[in-house]
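Notes follow the structure.
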Amino acid sequence: MTDLSRRSLAAGAGLLVGAIAFGARAQQMAPQLASAVPLPKVTPKPLIINPDKVKGLSGALLRTHHDTEYANAVKKLNAVGEELAKLDFAEAPPEKLGELKRDEQAAQNSTVLHEIYFDSLAEAPSQPSGLLAQAMSRDFGNMDRWKAEFAGIGRSLGSGTGWVILAYAPRDKRLFNYRAENDSMAPAGGVPLLAMDMYEHAYAADYDKDVAKYIEAFIQAIKWTNAERLYREAMRV
Ligand SMILES: [Fe+2]
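The sequence shown lines up with residues 0 to 236 when you count with numbering that gives the first Met the number 0.
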């Protein structure tokens, strides 16, 4: 189980325990409805690669991306969690709750997708193997066709935001390439295996506005062992 899975599980368990406690307290007195149920703090994952050795993406770009953009998403997720824990949901203005839940979803998605993004890069790229290679052939025909769709989706996100996500859909028991125009858009029910960041901060320092060159560099730098591991886990969902 990944750290993220553990955190998600812990968050789910925390919410369940909180819900039970909440029900018991609701029988007592109204002011206690606002009792805080703290969400687990998320800790940023360190880079597991040497960013200076990833071909096609500079160490400076990867460090800034990881240490600033990804770290800010984690900070935002924790900050929103603290605010939600303190909020009296029954009394809070709907607009305030809506704003926090919107920010929570965006920060959660950004955190998850950034972690997959960085875990997919390597000094020594690889090709899919094993069960994932079989699934790629089954669902895309061949790697060239997968790549053509994945890269094409990336080029369609030319406004400097969004993600391209290779995901396993347990409902359909197959792989899809998904297009998310921003952090808030993630495929319902899809388990992300590979994520390509199309926010400008992911490429502008190295490629300015040449997204096609960035996309090629990212795909060439993929270490598929991470997606293979996530696929094995996703098949158990
Ligand atoms: Fe990013």
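Note that beta-carbon positions come from the ideal geometry of N, C-alpha and C, so glycine has one too.
None of these values were measured; they are calculated from a predicted model.
Tell me the DSSP secondary structure of H217 in three-state form.
A small fix is needed here, since residue 217 is Phe in this sequence, not His. F217 falls in the helix class under three-state DSSP.
A204 vs T63 beta-carbon contact at 9 Å
yes
Select from Y230, D138, A233, A220 the residue whose C-alpha is nearest the C-alpha of I48.
A220
For S109, is the beta carbon positioned less than 8 Å from some heavy atom of ligand 1?
yes
Per DSSP, what kind of secondary structure is D196 in: helix, strand or coil?
strand
Is it the case that the CB of A201 approaches a heavy atom of ligand 1 more closely than 8 Å?
yes
Within this structure, are the beta carbons of Y116 and M195 separated by less than 9 Å?
yes
Here's the rule I'm using: 16 or more other beta-carbon atoms within 10 Å means buried, otherwise exposed. How should G189 be labelled?
buried
Tell me, which residues are paired with L174 by DSSP?
Y167
Nearest-angstrom Cα distance between E227 and A179?
22 Å
Please classify A150: does DSSP put it in a helix, a strand, or coil?
helix
Output the boundary residues of the alpha helix (DSSP H) element that contains K54.
Here K54 belongs to no alpha helix (DSSP H), and DSSP marks it neither H nor E.
Could you check whether the Cβ of Y198 sits closer than 8 Å to any heavy atom belonging to ligand 1?
yes
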